[in-house]
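Data block below; observations after.
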Amino acid sequence: VLIMFVVTAVETIGDISGVIEGGMGREATDTELSGGVMCDGAGSALAAVFGVLPNTSFSQNVGLVTMTKVVNRTALASAVFLILCGLIPKLGALVSIMPQAVLGGAAVMMFSSIIVSGIQLITSESLTPRRLSIVSVALGVGYGMGANTAILTNMPQLVQLVFGGSGIVPAAIVAIVLNVVLPKDEK
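Okay, so the sequence shown: first residue is 2 according to the numbering used here, each after it adds one.
Put into C-alpha coordinates, the structure is as follows:
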(Lines of atoms letter the chains of each structure in order from A; the text may use other names.)
(Lines give C-alpha, C1' and ligand atoms only; values in the text may rest on other atoms or scores of the structure.)
Protein backbone atom coordinates (compact mmCIF):
# COMPACT_ATOMS: atom_id res chain seq x y z
CA VAL A 2 0.00 0.00 0.00
CA LEU A 3 2.96 2.30 0.67
CA ILE A 4 3.97 1.96 -2.98
CA MET A 5 0.48 3.08 -3.96
CA PHE A 6 0.81 6.17 -1.74
CA VAL A 7 4.11 7.07 -3.43
CA VAL A 8 2.65 6.56 -6.90
CA THR A 9 -0.40 8.71 -6.13
CA ALA A 10 1.90 11.44 -4.79
CA VAL A 11 3.87 11.34 -8.06
CA GLU A 12 0.61 11.48 -10.02
CA THR A 13 -0.59 14.43 -7.93
CA ILE A 14 2.62 16.35 -8.62
CA GLY A 15 2.27 15.65 -12.35
CA ASP A 16 -1.39 16.68 -12.38
CA ILE A 17 -0.76 19.91 -10.46
CA SER A 18 2.15 20.76 -12.76
CA GLY A 19 0.07 19.95 -15.84
CA VAL A 20 -2.93 22.02 -14.71
CA ILE A 21 -0.82 25.07 -13.89
CA GLU A 22 1.29 24.79 -17.04
CA GLY A 23 -1.70 24.13 -19.32
CA GLY A 24 -4.16 26.50 -17.67
CA MET A 25 -2.00 29.33 -16.43
CA GLY A 26 1.07 29.07 -18.67
CA ARG A 27 3.62 28.89 -15.85
CA GLU A 28 5.39 26.34 -13.69
CA ALA A 29 3.93 25.24 -10.38
CA THR A 30 5.56 26.75 -7.30
CA ASP A 31 6.95 24.62 -4.50
CA THR A 32 4.17 25.92 -2.24
CA GLU A 33 1.48 24.77 -4.70
CA LEU A 34 3.08 21.36 -5.15
CA SER A 35 3.64 20.73 -1.44
CA GLY A 36 0.13 21.95 -0.60
CA GLY A 37 -1.39 19.63 -3.18
CA VAL A 38 0.63 16.63 -2.02
CA MET A 39 -0.20 17.35 1.64
CA CYS A 40 -3.91 17.67 0.81
CA ASP A 41 -3.80 14.43 -1.18
CA GLY A 42 -1.94 12.72 1.67
CA ALA A 43 -4.44 13.94 4.27
CA GLY A 44 -7.34 12.67 2.17
CA SER A 45 -5.63 9.33 1.61
CA ALA A 46 -4.84 9.02 5.33
CA LEU A 47 -8.49 9.68 6.16
CA ALA A 48 -9.51 7.10 3.56
CA ALA A 49 -7.13 4.57 5.16
CA VAL A 50 -8.95 4.99 8.49
CA PHE A 51 -12.03 3.59 6.75
CA GLY A 52 -10.09 0.81 5.01
CA VAL A 53 -10.05 2.47 1.60
CA LEU A 54 -7.05 2.59 -0.74
CA PRO A 55 -5.21 5.90 -1.34
CA ASN A 56 -7.05 8.62 -3.23
CA THR A 57 -5.94 9.48 -6.72
CA SER A 58 -6.15 12.72 -8.62
CA PHE A 59 -8.00 12.75 -11.91
CA SER A 60 -5.69 13.32 -14.84
CA GLN A 61 -8.67 13.91 -17.10
CA ASN A 62 -9.03 17.31 -15.50
CA VAL A 63 -5.55 18.25 -16.73
CA GLY A 64 -6.75 17.73 -20.27
CA LEU A 65 -9.93 19.71 -19.68
CA VAL A 66 -8.06 22.64 -18.14
CA THR A 67 -5.53 22.61 -20.98
CA MET A 68 -8.31 22.61 -23.58
CA THR A 69 -10.56 25.22 -21.94
CA LYS A 70 -7.98 27.32 -20.03
CA VAL A 71 -10.59 27.60 -17.24
CA VAL A 72 -8.82 27.68 -13.87
CA ASN A 73 -11.50 28.89 -11.50
CA ARG A 74 -12.96 27.46 -8.32
CA THR A 75 -16.48 28.44 -9.32
CA ALA A 76 -16.20 26.09 -12.29
CA LEU A 77 -16.24 23.29 -9.73
CA ALA A 78 -19.92 24.01 -9.25
CA SER A 79 -20.48 21.56 -12.09
CA ALA A 80 -19.53 18.89 -9.55
CA VAL A 81 -22.89 19.58 -7.89
CA PHE A 82 -24.56 18.53 -11.15
CA LEU A 83 -22.58 15.28 -11.19
CA ILE A 84 -23.53 14.56 -7.57
CA LEU A 85 -27.18 15.18 -8.44
CA CYS A 86 -26.84 12.77 -11.38
CA GLY A 87 -25.71 10.12 -8.90
CA LEU A 88 -28.48 10.86 -6.42
CA ILE A 89 -31.38 11.37 -8.84
CA PRO A 90 -31.71 8.34 -11.16
CA LYS A 91 -33.88 10.16 -13.72
CA LEU A 92 -31.27 12.90 -14.14
CA GLY A 93 -28.51 10.29 -14.42
CA ALA A 94 -30.53 8.40 -17.04
CA LEU A 95 -30.99 11.60 -19.04
CA VAL A 96 -27.22 12.10 -19.17
CA SER A 97 -26.57 8.43 -19.95
CA ILE A 98 -28.52 8.59 -23.24
CA MET A 99 -25.75 10.70 -24.75
CA PRO A 100 -24.46 8.89 -27.88
CA GLN A 101 -21.29 6.84 -27.37
CA ALA A 102 -19.67 8.59 -30.33
CA VAL A 103 -19.94 11.94 -28.55
CA LEU A 104 -18.47 10.54 -25.34
CA GLY A 105 -15.75 8.74 -27.29
CA GLY A 106 -14.80 11.87 -29.22
CA ALA A 107 -14.60 13.91 -26.03
CA ALA A 108 -12.53 11.20 -24.33
CA VAL A 109 -10.07 10.99 -27.23
CA MET A 110 -9.61 14.75 -27.21
CA MET A 111 -9.26 14.89 -23.43
CA PHE A 112 -6.73 12.07 -23.10
CA SER A 113 -4.74 13.33 -26.08
CA SER A 114 -4.42 16.72 -24.44
CA ILE A 115 -3.17 15.01 -21.26
CA ILE A 116 -0.41 13.39 -23.30
CA VAL A 117 0.47 16.72 -24.92
CA SER A 118 0.56 18.41 -21.48
CA GLY A 119 2.95 15.73 -20.27
CA ILE A 120 5.19 16.18 -23.30
CA GLN A 121 5.21 19.95 -22.75
CA LEU A 122 6.24 19.43 -19.11
CA ILE A 123 9.02 17.03 -20.04
CA THR A 124 10.39 19.20 -22.83
CA SER A 125 10.10 22.54 -20.99
CA GLU A 126 13.75 22.02 -20.03
CA SER A 127 16.41 20.55 -22.26
CA LEU A 128 16.43 16.78 -22.36
CA THR A 129 19.87 15.74 -21.17
CA PRO A 130 20.96 12.15 -21.78
CA ARG A 131 20.11 11.37 -18.12
CA ARG A 132 16.58 12.79 -18.36
CA LEU A 133 16.00 11.16 -21.73
CA SER A 134 17.08 7.80 -20.30
CA ILE A 135 14.77 8.11 -17.30
CA VAL A 136 11.75 9.13 -19.40
CA SER A 137 12.41 6.55 -22.12
CA VAL A 138 12.89 3.59 -19.81
CA ALA A 139 9.92 4.56 -17.60
CA LEU A 140 7.63 4.99 -20.62
CA GLY A 141 8.82 1.74 -22.16
CA VAL A 142 8.34 -0.28 -18.98
CA GLY A 143 5.00 1.38 -18.24
CA TYR A 144 3.61 0.88 -21.72
CA GLY A 145 5.01 -2.61 -22.07
CA MET A 146 3.63 -3.87 -18.76
CA GLY A 147 0.33 -2.08 -19.31
CA ALA A 148 -0.14 -3.50 -22.81
CA ASN A 149 0.96 -7.04 -21.93
CA THR A 150 -0.54 -7.96 -18.56
CA ALA A 151 0.38 -11.63 -19.10
CA ILE A 152 4.01 -10.67 -18.41
CA LEU A 153 3.33 -11.08 -14.67
CA THR A 154 1.57 -14.46 -14.89
CA ASN A 155 4.35 -16.43 -13.18
CA MET A 156 5.10 -13.81 -10.55
CA PRO A 157 3.94 -14.06 -6.92
CA GLN A 158 0.43 -12.80 -6.11
CA LEU A 159 1.78 -9.70 -4.31
CA VAL A 160 3.79 -8.63 -7.36
CA GLN A 161 0.75 -9.17 -9.62
CA LEU A 162 -1.41 -7.13 -7.27
CA VAL A 163 1.00 -4.17 -7.11
CA PHE A 164 2.18 -4.09 -10.71
CA GLY A 165 -0.78 -5.60 -12.58
CA GLY A 166 -3.60 -3.84 -14.32
CA SER A 167 -1.78 -0.78 -15.59
CA GLY A 168 1.71 0.41 -16.35
CA ILE A 169 1.52 3.46 -14.08
CA VAL A 170 3.02 1.82 -10.99
CA PRO A 171 5.98 0.17 -12.78
CA ALA A 172 6.69 3.37 -14.73
CA ALA A 173 6.66 5.49 -11.58
CA ILE A 174 8.91 3.07 -9.68
CA VAL A 175 11.38 2.83 -12.56
CA ALA A 176 11.47 6.64 -12.90
CA ILE A 177 12.04 7.12 -9.16
CA VAL A 178 14.76 4.44 -8.98
CA LEU A 179 16.56 5.76 -12.07
CA ASN A 180 16.37 9.32 -10.75
CA VAL A 181 18.11 8.17 -7.56
CA VAL A 182 20.60 5.77 -9.18
CA LEU A 183 21.78 7.58 -12.31
CA PRO A 184 24.52 10.17 -11.80
CA LYS A 185 23.20 13.74 -11.67
CA ASP A 186 23.80 16.13 -14.55
CA GLU A 187 26.63 18.57 -14.12
CA LYS A 188 25.42 22.18 -14.15
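All C-beta atoms, glycine included, are put in the ideal place defined by N, C-alpha and C.
Cβ-based neighbour list, residue i, same chain, cut-off 7 Å, excluding 5 preceding and 5 following
i	result
residue 65	111
residue 34	14 and 17
residue 144	168
For residue i, the three-state DSSP class (helix, strand or coil)
i	result
residue 51	coil
residue 91	helix
residue 171	helix
residue 98	coil
residue 29	coil
residue 146	helix
residue 59	coil
residue 187	coil
residue 154	coil
residue 13	helix
Chain-order list of residues whose beta-carbon lies under 8 Å from that of residue i (same chain, five-residue window excluded)
i	result
residue 150	165 and 166
residue 119	15 and 19
Pairwise C-alpha distance: residue j and residue i
i	j	result
residue 77	residue 69	14 Å
residue 18	residue 108	21 Å
residue 176	residue 89	43 Å
residue 125	residue 26	11 Å
residue 2	residue 54	8 Å
residue 83	residue 101	18 Å
Cβ-based neighbour list, residue i, same chain, cut-off 6 Å, excluding 5 preceding and 5 following
i	result
residue 11	173
residue 39	none
CB-CB length for residue i against residue j, believed under 8 Å
i	j	result
residue 179	residue 134	7 Å
residue 67	residue 24	7 Å
residue 129	residue 41	In fact, because the Cβ distance is near 29 Å, the residues do not count as touching under 8 Å.
residue 170	residue 163	6 Å
residue 73	residue 20	That belief does not hold up - the Cβ atoms of residue 73 and residue 20 are roughly 12 Å apart, past 8 Å.
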